[in-house]
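Residues 4 to 91 (my numbering) make up the sequence shown, in order. Below: the structure, in structure tokens.
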Amino acid sequence: MNLSAQEITAELFTLPEQEQQEVFDFIEFLKAKSAHRQAKRFLENQATQQTEGERILAIVESVGLLGCMEGGDENLSENYKEHLWGNE
């Protein structure tokens, strides 16, 4: 059934005021329900998306490059400047 806004409005005006309010309340309910579904989909998409850093970490881990330096400085992330420039 394909109703135009004009047809719906004409039918709405045939109803008593109390029932018109019920129709309005139902429309508000449908809008809220739709917004809730959209918000839920958005949050689900956010939860499944990885940040760029997470994607890079997953790739580095998958090819075996994470932790591949043997006998190196265990605190390289903190002491990298010493390894790059020495003790200047």
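Every residue gets a Cβ at the ideal spot worked out from N, C-alpha and C, and that includes glycine. Treat the numbers as computed from the prediction; the structure is a model and nothing was measured.
- Here Val-26 really is in contact with Leu-15; their C-beta atoms are around 6 Å apart, less than 8 Å.
- At a Cβ-Cβ threshold of 9 Å, Leu-79 and Leu-69 do not count as neighbours.
- DSSP places Val-63 within a helical segment (H, G or I) once states are collapsed to three.
- The three-state reading of DSSP puts Ser-7 in coil, since its state is none of H, G, I, E or B.
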